[in-house]
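Residue numbering for the sequence shown follows this note's numbering, beginning at 618 and increasing consecutively. For every residue, glycine included, the Cβ atom is placed at its ideal position computed from N, Cα and C. What you are looking at is a predicted structure, and each value in this text was computed from that prediction instead of being measured.
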Amino acid sequence: MAQIVVLGGGVSGLSSAVRLLEHGHSVEVLAREVTPHTTSDTAAAIWAPYRVELGDLIAHWSMASFRQFQQLAADENSGVVMREGTFGFVSSAPPDWTNGIPEARLANEQERPVGCGSGLIARVPAIEMNRYMPWLLARVKALGAFVTRTEVTSFDEICRSTDAIVNATGLGARGLANDTDLYPVRGRIVLVEQIGLERFLDIEAGDWPIGIFPRRDDIVLTGAYEINETSLKVPDGMDEGIVERCVAFEPRLAQARRLGAMSGLRPARDAVRLELDQTTDKMPVVHNYGHGGSGVTLSWGCADDVVDLIDKACGMTAEAEIPKTKLA
Numbered sequence: 618m619a620q621i622v623v624l625g626g627g628v629s630g631l632s633s634a635v636r637l638l639e640h641g642h643s644v645e646v647l648a649r650e651v652t653p654h655t656t657s658d659t660a661a662a663i664w665a666p667y668r669v670e671l672g673d674l675i676a677h678w679s680m681a682s683f684r685q686f687q688q689l690a691a692d693e694n695s696g697v698v699m700r701e702g703t704f705g706f707v708s709s710a711p712p713d714w715t716n717g718i719p720e721a722r723l724a725n726e727q728e729r730p731v732g733c734g735s736g737l738i739a740r741v742p743a744i745e746m747n748r749y750m751p752w753l754l755a756r757v758k759a760l761g762a763f764v765t766r767t768e769v770t771s772f773d774e775i776c777r778s779t780d781a782i783v784n785a786t787g788l789g790a791r792g793l794a795n796d797t798d799l800y801p802v803r804g805r806i807v808l809v810e811q812i813g814l815e816r817f818l819d820i821e822a823g824d825w826p827i828g829i830f831p832r833r834d835d836i837v838l839t840g841a842y843e844i845n846e847t848s849l850k851v852p853d854g855m856d857e858g859i860v861e862r863c864v865a866f867e868p869r870l871a872q873a874r875r876l877g878a879m880s881g882l883r884p885a886r887d888a889v890r891l892e893l894d895q896t897t898d899k900m901p902v903v904h905n906y907g908h909g910g911s912g913v914t915l916s917w918g919c920a921d922d923v924v925d926l927i928d929k930a931c932g933m934t935a936e937a938e939i940p941k942t943k944l945a
C-alpha cells in the first residue's frame, strides 16, 4: 500500500481517488474547491467525447467510463441514468466514437436535427452533476480518504511521507506544473424547470453548441465553447441566446421558468496530460488534467490508468506507459 496525495476535488481527482482506494492505497485529497464549487459541477454532462481528437486511447478511456457509468445507473443515489436522445453532427456521417455505443441507430430524415448532416439516436449515460458530485465525494470519504480544502501552490508543500502525487488540478496546473500549454475554455449552462422532457438533444455547432439535457429536477441548456476566456462573468444577453437556440429545437422550453445559470472554465490543452513525471526532486507525480470538455466522459478510463502509473511509480507493477492523445 502506498501513501498517495490527490490534488484536485473535481471529477478527475475524485475518480482517481476512488480507483486508488479500491486498489488498496491510502489516499488524501487536497482541493482548493469541492462540490458544489468545482468546474465539474457546471458540466451538462452527457456521455460523449466532446471537442477531442479521436483515437484508440480516447475510445478506450471513453468506453471504460461508459461501462462504469452504466453500472452506476443501477444506483438511484448516484445521479447517473441511462437516457435516450438525439445527437446531431455537422458531418454526413456520425463520428467514429459513436461506433462503441451499444444502443444506437442512425437518425432518419425526420429525426435528424435541422441543419445537421447526420444524426444518431442513442441511449447513453446522463450524469446529473448536482447529484453525482456529492455522491462521488461521499464515495471517496466512505472508502477512507481524508478530504481537505486547501490550495497547494507547489509540490514541495506535500509531506515527505507521501509516496506519490496525483495532479488533477485542472487549470491550476498552469502554475503548479508550469504548464504553458494549458488554457481555459469557458462554458455556460442555463437551468430551467423540468417541464416533462425525457429525451436529450446534443448538437455540435462550433463554439455555440446546442444542448438540452433533462435531469430529475430541472433541465440543463447549453452552451458555449469560448477559448481563452478567463472570466466566469458572461456578456449580457448570452443566457437569452442559449435559451433562444434551444427553444428553436424544443418550443416547449419557451414556457419553462428559468432557475439560474452557471459558468465554468474547462482546462484544455492540445493533448490530455496523463503521464508519470519523475523529474520532480522529491517524489513522483502522475498528471491527470487537460481533458477540455470531456472530463466526465474520460474520467473513469483515465482513473484506471492513473492507478497503473502510480503502481509503476511505487515499484508495484511492470512499467506502464500511457501514450499521448490530442484535444481538438
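For the pair VAL646 and LEU631, the Cα-to-Cα distance works out to about 8 Å. Per DSSP, GLU701 is one residue of the beta strand (DSSP E) stretching across 697-706. As the crow flies, the alpha-carbon of GLU745 is around 11 Å from that of SER657. Membership of HIS677 in the alpha helix (DSSP H) is indicated by the continuous run 673-689.
Less than 8 Å separates the beta-carbon of LEU638 from that of GLY761.
Secondary structure at GLU867: coil, using DSSP grouped into helix, strand and coil. At least 8 Å separates the beta-carbon of ILE827 from that of CYS776. Collapsing the DSSP output to three states places VAL809 in a strand. Across the structure, GLN727 and CYS733 are spaced so that their CA atoms are roughly 12 Å apart.
For the pair VAL697 and THR715, the Cα-to-Cα distance works out to about 20 Å.
Annotation: the stretch 816-865 contains the following complete segments of the beta strand (DSSP E) (minimum length 3 residues), in chain order: 817-820, 827-831, 835-839. Listed in chain order, the non-local C-beta contacts of LEU893 below 7 Å within the same chain comprise PRO901, VAL903, LEU926, LYS929, ALA930, local neighbours out to five positions each way being set aside. 8 Å or more divides the Cβ of GLN895 from the Cβ of ILE812.
Note on geometry: alpha-carbon atoms of ASN905 and GLU867 lie some 37 Å from one another.
Excluding sequence positions up to five before and after ALA634, its CB lies within less than 6 Å of the CB of VAL623, VAL644, VAL646, VAL757, ALA762, all in the same chain and listed in chain order. DSSP places THR765 within a strand segment (E or B) once states are collapsed to three.
Between ALA785 and SER682, the gap from beta carbon to beta carbon reaches 8 Å or more.
The stretch 702-759 contains, as complete alpha helix (DSSP H) runs of 4+ residues, the segments 746-759 (chain order). Taken atom to atom, the span from the alpha-carbon of ILE859 to that of ASP673 is near 33 Å. Here the C-alpha atom of ALA619 lies approximately 13 Å from the C-alpha atom of VAL923. Excluding sequence positions up to five before and after HIS908, its CB lies within less than 6 Å of the CB of VAL889, LEU915, all in the same chain and listed in chain order.
Three or more Cβ pairs drawn from the stretch 828-837 and the stretch 813-820 lie within less than 8 Å of each other, which places the two stretches in contact. If the five residues before and after THR652 are omitted, its C-beta is found closer than 6 Å to the C-beta atoms of ASP658, MET750, PRO751, LEU754, all from its own chain and listed in chain order. The C-alpha of TRP917 lies about 24 Å from the C-alpha of SER880. One thing to note: ASP819 has its Cβ within 8 Å of the Cβ of PHE704.
For SER632, the enclosing alpha helix (DSSP H) has its first and last residue at 628-639. DSSP places LEU893 in the uninterrupted beta strand (DSSP E) bounded by 875-894.
The C-alpha of THR779 lies about 44 Å from the C-alpha of ALA739.
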